[in-house]
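In the numbering used here, the protein residues as written are 6 to 438.
Glycine included, every Cβ here is placed at the ideal spot set by N, Cα and C.
Keep in mind that this is a model prediction, so the values were computed, not measured.
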């Protein structure tokens with residue numbers, strides 16, 4: 006541990022978090038209706054950090070408030086070390102939250118309430134709890150001014166929960182070169198949960214399969230091409246080919262992935278009509294969750310090939326009952342399948358050989374009592390972009406996976422206290438590297 010940084014000042018942390026959760030209503034991210042104003046969070050961070058900054062002359066913290074859109078700032082806070090190329094960073098603490106409907110909650114999502122060890126409210130786990138936690142760490146560095154070889158940088162970011170408005174958050178900071186120097190040391194992305202290192206995430210490919218048949222009265226099913234049946238059979242075939250081509254990968258065991266890659270439907274729609282009508286078309290949508298050992302572009306290519314092959318050989322698909330069919334030769338009609346994709350993202354496998362990973366594991370074991378890195382096929386697309394840009398990304402978080410994006414979100418103060426100890430241990434260990 007870094008004794009000069011002590012333990013988390015609980016009163017100070019809770020007071021700051023109370024202010025942040027009080028703004029959570031205004032940082033919900035779901036455009037176009039809800040566009041967050043992250044500067045409401047920045048304002049509270051500046052109140053805490055400016056007194057220890059070069060801006061006011063009160064301390065060593067170098068603070069840079071960078072906004073690419075009105076009211077939507079990012080905040081970079083730097084505690085300078087003595088060695089020019091020694092650096093570590095805490096990044097990913099985002100100042101926007103997912104939406105919350107107060108009528109669905111047992112308590113007010115937009116104000117902090119305390120129930121024993123529980124700190125309750127939207128953003129406590131994801132991610133305003135981490136925003137407050139890392140702000141307290143930087144404040145302590147500014148107050149105590151320890152002599153460190155490593156520069157410690159915290160990057161509080163805008164716009165993580167929704168990417169439909171680009172060029173606001175970490176993507177813009179990277180593009181502008183404002184994070185370049187963080188490539189000289191480990192970057193800890195603080196936006197996961199359950200106190201263990203998250204070492205792998207999934208890629209995601211949202212897909213839509215649109216099926217065209219022929220509309221007809223359901224009493225004369227032999228004159229129709231039933232797009233619902235065709236969609237079900239086609240999807241079954243596409244899924245079985247997917248699982249053959251992208252089976253569980255040996256590295257998934259090494260990384261502790263909870264599941265292999267999956268492809269499944271999650272939504273079904275059709276234009277409407279009477280119960281006695283076989284419709285003309287329908288659409289099934291879903292996603293592929295892909296472990297990072299497979300390439301997204303390979304999957305896109307394969308899915309397209311499966312669909313082209315099925316269109317050419319639609320007669321061989323299983324049908325349902327004696328008059329179910331996907332071709333009407335007399336009318337020169339064939340059922341048709343098309344597939345389209347929304348924006349895809351790739352997964353991440355963290356570097357298990359890096360000093361960043363080693364110190365995170367040791368710090369976790371010392372503080373939590375055990376270390377068990379895990380991987381999930383949830384997505385963190387921003388991390389992959391950082392990794393591709395040459396950053397050594399490791400990830401951790403001290404909220405609760407069970408309340409992530411959930412109703413009645415909360416975190417535990419005791420977990421956040423352990424998170425603070427992990428951070429101080431990381432800083433201390435990296436001094437000796």
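Query, Result
"Kindly indicate which three-state DSSP category residue 201 falls into: helix, strand or coil?", "coil"
"Between 220, 205, 419, which has its C-alpha nearest residue 279's C-alpha?", "220"
"Kindly provide the ranges of any beta strand (DSSP E) runs that are 3 or more residues long and lie completely inside the segment 281-361, ordered along the chain.", "286-295, 341-346"
"With three or more C-beta pairs closer than 8 angstroms as the rule, is the segment 29-37 touching the segment 138-151?", "no"
"Buried or exposed, going by whether 16 or more other CB atoms sit within 10 Å of the CB of residue 375?", "exposed"
"Beta carbon of residue 414, beta carbon of residue 156: below 8 angstroms?", "no"
"If the criterion is Cβ atoms closer than 8 angstroms, does the pair residue 379 and residue 208 meet it?", "no"
"Let me know the secondary structure DSSP gives residue 445 once reduced to three states.", "This structure does not reach residue 445, given that the chain is present from 6 up to 438, and the question cannot be answered."
"Have a look at residue 213 and residue 367 and give me their C-alpha separation to the nearest angstrom.", "44 angstroms"
"Distance cutoff 8 angstroms, beta carbons only. Does residue 51 sit that close to anything in chain C?", "The structure shown contains no chain C; it holds only a single protein chain."
"Residues in the same chain with beta-carbon distance under 7 angstroms from residue 264, minus the five sequence neighbours each way, listed in chain order, please.", "382"
"With a threshold of 8 angstroms, are at least 3 pairs of Cβ atoms found where one atom belongs to the segment 65-72 and the other to the segment 83-90?", "yes"
"Is the Cβ-Cβ distance between residue 331 and residue 319 less than 8 angstroms?", "yes"
"Inspect the beta-carbon positions of residue 77 and residue 102 and report whether they are closer than 8 angstroms.", "no"
"So within the segment 150-201, which uninterrupted beta strand (DSSP E) runs reach at least 3 residues, ignoring any that extend past its ends?", "156-162, 191-195"
"Can you tell me which residues form a DSSP beta bridge with residue 96?", "160, 194"
"For the alpha helix (DSSP H) that contains residue 460, what are its first and last residues?", "Any question about residue 460 goes unanswered here, given that the chain covers just 6 to 438."
"How is the beta strand (DSSP E) around residue 40 delimited, first residue to last?", "From DSSP, residue 40 is part of no beta strand (DSSP E); its letter is neither H nor E."
"How would you call residue 402, buried or exposed, if buried means at least 16 neighbouring beta carbons within 10 angstroms?", "buried"
"Since I believe residue 282 is in contact with residue 222 (beta carbons under 8 angstroms), could you give me their beta-carbon distance rounded to a whole number of angstroms?", "7 angstroms"
"Could you tell me which of 65, 136, 170 sits nearest to residue 38, measuring between CA atoms?", "170"
"Is the beta carbon of residue 183 less than 8 angstroms from the beta carbon of residue 239?", "no"
"By Cβ distance below 7 angstroms, which residues in the same chain neighbour residue 113 in space, the five residues on each side in sequence not counted?", "107"
"I'd like the span of the alpha helix (DSSP H) that includes residue 419, first residue to last.", "418-436"
"For residue 290, tell me which candidate among 253, 273, 328 has the shortest Cα-Cα distance.", "273"
"What does residue 380 pair with, by DSSP beta-bridge criteria?", "205, 262"
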